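This report concerns only the one structure given below.
There are 4 protein chains.
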Amino acid sequence: MKTRDKIIQAALELFNESGEPNVTTNHIAAHLGISPGNLYYHFRNKEEIIHCIFDEYARDLSIRFQPQAEFDATAESLLGYLDAVFMLMWRYRFFYANLPDILSRDEELQRKYLQAQEELHSNIMVLMNSFKDSGLLDLDENELLSLANTLKLVASSWICYQTTQAPGAKITKGVIYQGVLQMLSIVRPLTTNEGKVRVLQLESHYCDQVQRDIS
Amino acid sequence: MKTRDKIIQAALELFNESGEPNVTTNHIAAHLGISPGNLYYHFRNKEEIIHCIFDEYARDLSIRFQPQAEFDATAESLLGYLDAVFMLMWRYRFFYANLPDILSRDEELQRKYLQAQEELHSNIMVLMNSFKDSGLLDLDENELLSLANTLKLVASSWICYQTTQAPGAKITKGVIYQGVLQMLSIVRPLTTNEGKVRVLQLESHYCDQVQRDIS
Amino acid sequence: MKTRDKIIQAALELFNESGEPNVTTNHIAAHLGISPGNLYYHFRNKEEIIHCIFDEYARDLSIRFQPQAEFDATAESLLGYLDAVFMLMWRYRFFYANLPDILSRDEELQRKYLQAQEELHSNIMVLMNSFKDSGLLDLDENELLSLANTLKLVASSWICYQTTQAPGAKITKGVIYQGVLQMLSIVRPLTTNEGKVRVLQLESHYCDQVQRDIS
Amino acid sequence: MKTRDKIIQAALELFNESGEPNVTTNHIAAHLGISPGNLYYHFRNKEEIIHCIFDEYARDLSIRFQPQAEFDATAESLLGYLDAVFMLMWRYRFFYANLPDILSRDEELQRKYLQAQEELHSNIMVLMNSFKDSGLLDLDENELLSLANTLKLVASSWICYQTTQAPGAKITKGVIYQGVLQMLSIVRPLTTNEGKVRVLQLESHYCDQVQRDIS
DNA sequence: GATGAATGAGGATTCATTCAT
DNA sequence: GATGAATGAATCCTCATTCAT
Numbered sequence: 001m002k003t004r005d006k007i008i009q010a011a012l013e014l015f016n017e018s019g020e021p022n023v024t025t026n027h028i029a030a031h032l033g034i035s036p037g038n039l040y041y042h043f044r045n046k047e048e049i050i051h052c053i054f055d056e057y058a059r060d061l062s063i064r065f066q067p068q069a070e071f072d073a074t075a076e077s078l079l080g081y082l083d084a085v086f087m088l089m090w091r092y093r094f095f096y097a098n099l100p101d102i103l104s105r106d107e108e109l110q111r112k113y114l115q116a117q118e119e120l121h122s123n124i125m126v127l128m129n130s131f132k133d134s135g136l137l138d139l140d141e142n143e144l145l146s147l148a149n150t151l152k153l154v155a156s157s158w159i160c161y162q163t164t165q166a167p168g169a170k171i172t173k174g175v176i177y178q179g180v181l182q183m184l185s186i187v188r189p190l191t192t193n194e195g196k197v198r199v200l201q202l203e204s205h206y207c208d209q210v211q212r213d214i215s
Numbered sequence: 001m002k003t004r005d006k007i008i009q010a011a012l013e014l015f016n017e018s019g020e021p022n023v024t025t026n027h028i029a030a031h032l033g034i035s036p037g038n039l040y041y042h043f044r045n046k047e048e049i050i051h052c053i054f055d056e057y058a059r060d061l062s063i064r065f066q067p068q069a070e071f072d073a074t075a076e077s078l079l080g081y082l083d084a085v086f087m088l089m090w091r092y093r094f095f096y097a098n099l100p101d102i103l104s105r106d107e108e109l110q111r112k113y114l115q116a117q118e119e120l121h122s123n124i125m126v127l128m129n130s131f132k133d134s135g136l137l138d139l140d141e142n143e144l145l146s147l148a149n150t151l152k153l154v155a156s157s158w159i160c161y162q163t164t165q166a167p168g169a170k171i172t173k174g175v176i177y178q179g180v181l182q183m184l185s186i187v188r189p190l191t192t193n194e195g196k197v198r199v200l201q202l203e204s205h206y207c208d209q210v211q212r213d214i215s
Numbered sequence: 001m002k003t004r005d006k007i008i009q010a011a012l013e014l015f016n017e018s019g020e021p022n023v024t025t026n027h028i029a030a031h032l033g034i035s036p037g038n039l040y041y042h043f044r045n046k047e048e049i050i051h052c053i054f055d056e057y058a059r060d061l062s063i064r065f066q067p068q069a070e071f072d073a074t075a076e077s078l079l080g081y082l083d084a085v086f087m088l089m090w091r092y093r094f095f096y097a098n099l100p101d102i103l104s105r106d107e108e109l110q111r112k113y114l115q116a117q118e119e120l121h122s123n124i125m126v127l128m129n130s131f132k133d134s135g136l137l138d139l140d141e142n143e144l145l146s147l148a149n150t151l152k153l154v155a156s157s158w159i160c161y162q163t164t165q166a167p168g169a170k171i172t173k174g175v176i177y178q179g180v181l182q183m184l185s186i187v188r189p190l191t192t193n194e195g196k197v198r199v200l201q202l203e204s205h206y207c208d209q210v211q212r213d214i215s
Numbered sequence: 001m002k003t004r005d006k007i008i009q010a011a012l013e014l015f016n017e018s019g020e021p022n023v024t025t026n027h028i029a030a031h032l033g034i035s036p037g038n039l040y041y042h043f044r045n046k047e048e049i050i051h052c053i054f055d056e057y058a059r060d061l062s063i064r065f066q067p068q069a070e071f072d073a074t075a076e077s078l079l080g081y082l083d084a085v086f087m088l089m090w091r092y093r094f095f096y097a098n099l100p101d102i103l104s105r106d107e108e109l110q111r112k113y114l115q116a117q118e119e120l121h122s123n124i125m126v127l128m129n130s131f132k133d134s135g136l137l138d139l140d141e142n143e144l145l146s147l148a149n150t151l152k153l154v155a156s157s158w159i160c161y162q163t164t165q166a167p168g169a170k171i172t173k174g175v176i177y178q179g180v181l182q183m184l185s186i187v188r189p190l191t192t193n194e195g196k197v198r199v200l201q202l203e204s205h206y207c208d209q210v211q212r213d214i215s
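Residue numbers (full-length UniProt numbering), protein chains in the order written: chain A, 1 to 215; chain B, 1 to 215; chain C, 1 to 215; chain D, 1 to 215.
The following block contains the structure:
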């Protein structure tokens, strides 16, 4: 593994653990047993490290979503997608715990983030539309858009929100799965009878996951 | 106006403008044309200023909610309450833009924040229950709880979320009203026919507000 | 009791408790429930407070010693004098715990201190000479001077020395009496047989005092 | 010479010159023409510098004393040892000029200091015992212990004591030798006739040293 | 690729002291 | 006599970043 990648991994780890503002470049270097100079050989500055971490995140995010292949198995596709989105958010949770601050410092990053958000929105729309086409959901265009917005908001805010709800809370995978459940609970009242069955199946799946994480 | 209050106001202003981590005690003092020593005469440290700002916020928040008086005019009560909650969040938006960081530094504040969150939750429950009692909403206990959780999440996250959605965006009152609309759009699909009428009225009210802000 | 005196007393108390450098003028004022401005109405600055405390000490010290009246009862005079000297040192112990620093800041105080030291030296000489005249001590002029120097050194250093010998030790009266014993143990080997009896009596007296303090 | 060592040397110099509380880390850095950041690159804080200085002192002190090798040449061993002890105290005199304050701030240092004091005590005992064994001294166990205590007190207090005895006095080597003479004058009256001869020889040696320093 | 010493502006905070009331 | 808000220079320390080797 290249030093450059090791820096990214170490930074990610430390940022998640202690919060980005509390992790200095010296911490990262010390954690890896390399010199600060070496770190700055690989990255122009701290910002660039964050940038790279975000790029990795965006790449990971894109890979997870192949709507075409999954148009038929709609419920499962949602499941897979939600899983992926939330897991990635967990992996890069430091970012979500400080979004406004991090973005305000770096216009370029702000741009990239918005792009990812748009992608998230369009992915959600694709999924919701395929739900509708399969007769699991019965909403007009406006209602669909509104739902998608809510889901995007919940997804994007979940980590930050949870971080503030418990004193010194470590965000575990269980917390992530609860986020998925929260989203499903928003979708459920809007589904057809057929859709409700599917959603309940999904909910029970994630309930199990939460249980597993706790024990 | 006492110096102590002027410090609180200046700090709030500057925090909102530039983000709490980017505003030093010296900035605040300079902004007011007072000496750093004087600032520290009135406050033990920066943390205490934030504490005081939060206390002011919590006090304001409590004052806004008098459920008893409003049990009959349910829709209007929701309107008034949402207005107040979002306006206060706007007034203290720096706080919401950095919640995880600010709370993680200060256990006492974390405690106070959770208390405010619980109050928010119970207020939402009171409102939703009065909606249900008035036949505007038809949900079982679980669904109601789930809805309340979603609304609380949206309310608590809106400012932070919006801060991240626009490059260098100043959060205006219009953005706030859009948050109310977002919440109403979550409630609407769950209302009875009678309820839907009320909600649409509210939505149109807030649409007007948003328009007014833009122009 | 006048405010001025209350300030002196409070300062003395706090200095002894926490060390002069760790006690601010604000501490003193707060301790008395008066304003810092008031403190500075009575004293030009912190130094002046220390000055006044020293003056009080010097005055107390002078009062204790009336050699003429006690020339006959030599052993008892020594006892009384040692008692007084050490008790005063205890009462003003903060001073002895920081002598070099305090004196270096204030030439005037340095002068006064040296005067007190000279007085101490001459008092010791008077006592030793009366011992010699009474046949309790058999030393030539040089040896006597040497002894006096040693005793002066021990007396002047005891508080400071003891402060450094125990972690976080509060200097109690028992510690003070041990200082007297230490001085007697220096005198004893130089006494005549008759003198030895007297010194042993004194030692047993102070041993009792130490015991009393411990229990 | 490494920067780290230069910092220690500069700190020691400045502390000795102006007193530790009056020398800031910025003074030290400026004195060396380095940045404050650089100083803090080498030392976590001011306390650590003092710690390191003390460690150097303790190391130096240990090295000086090899009792076994010198059991026979007792008088000369005392001479050598006293020389070393006092010279080191001179070299690190800032420390002795502020002992109570410095130790009260730092428990770890207090511990180390007490250890050094114990070592000093046991070294003095070894020397006194070898004197006794050689017939230079004729004291019972108690008297010996008492003497050792006095000598330890005088040695430990000498620098501080002298600092207070002269206005703005620079502590010179002559002052140090006077300390040795003071100790010898305490030992002399307790020696056998044979011992007295030896002590007088030593005294004359140190008298010469004092003369040399003055001129 | 890598080292690690060095920078220096800037941060929070303290405290003896002043002064208008 | 007394108040207490105000001063401001000074203190210790941090950290992103640079650069000679």
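Note that CB positions come from ideal geometry on N, CA and C, so glycine has one too. This one's a predicted model, so the numbers in the text were calculated from it and none came from an experiment.
Here's the rule I'm using: 16 or more other beta-carbon atoms within 10 Å means buried, otherwise exposed. How should residue i be labelled?
i, result
"Arg44 (chain C)", "exposed"
"Thr164 (chain B)", "buried"
"Ile63 (chain C)", "exposed"
"Cys160 (chain B)", "buried"
"Gln178 (chain C)", "buried"
"Ile124 (chain C)", "buried"
"Gly195 (chain B)", "buried"
"Ile50 (chain A)", "buried"
"Ser157 (chain C)", "buried"
Over what stretch of residues does the alpha helix (DSSP H) that includes residue i continue unbroken?
i, result
"Asp140 (chain B)", "Asp140 (chain B) -> no alpha helix (DSSP H), and no H or E assigned at all."
"Asn38 (chain B)", "Pro36 to His42"
"Asn26 (chain B)", "Thr25 to Leu32"
"Asn16 (chain A)", "Thr3 to Ser18"
"Arg64 (chain C)", "Lys46 to Arg64"
"Arg105 (chain D)", "Leu99 to Arg105"
Three-state secondary structure (DSSP) at residue i?
i, result
"Thr191 (chain C)", "strand"
"Met125 (chain D)", "helix"
"Asp83 (chain C)", "helix"
"Phe94 (chain A)", "helix"
"residue 227 (chain D)", "This structure gives no information on residue 227 (chain D), because the portion of chain D shown stretches from 1 to 215."
"Ile171 (chain B)", "coil"
"Ala166 (chain A)", "coil"
"Ser185 (chain C)", "helix"
"Ser215 (chain D)", "coil"
"Ser146 (chain C)", "helix"
"Ser204 (chain C)", "helix"
With a threshold of 7 Å on Cβ separation, who are the neighbours of residue i within its own chain once the five nearest residues in sequence on each side are excluded?
i, result
"Met87 (chain B)", "Ile176"
"Lys112 (chain A)", "Phe54 and Ala58"
Leaving out the 5 sequence neighbours to the left and right, which residues in its chain are closer than 6 Å to residue i when beta-carbon positions are compared?
i, result
"Leu78 (chain A)", "Leu127"
"Leu82 (chain B)", "Val180"
"Leu144 (chain C)", "Met128"
"Lys173 (chain C)", "Asp213"
Cβ of residue i within 6 Å of any heavy atom in the ligand HEM?
i, result
"Leu144 (chain A)", "This structure lacks the ligand HEM; in fact it carries no ligand of any kind."
Suppose the cutoff is 8 Å on Cβ atoms and the five residues either side in sequence are ignored; what does the same chain contact list for residue i look like?
i, result
"Glu108 (chain C)", "His51"
"Lys2 (chain A)", "none"
"Gly19 (chain C)", "Phe94, Ala97 and Asn98"
Would you say the region 137 to 155 of chain C touches the region 127 to 134 of chain D, given that touching needs at least three Cβ pairs under 8 Å?
no
For the 8 Å Cβ check, are there 3 or more pairs between the region 147 to 159 of chain A and the region 112 to 128 of chain A?
yes
Counting pairs of beta carbons, one from the region 92 to 103 of chain B and one from the region 152 to 164 of chain A, are three or more of them closer than 8 Å?
yes
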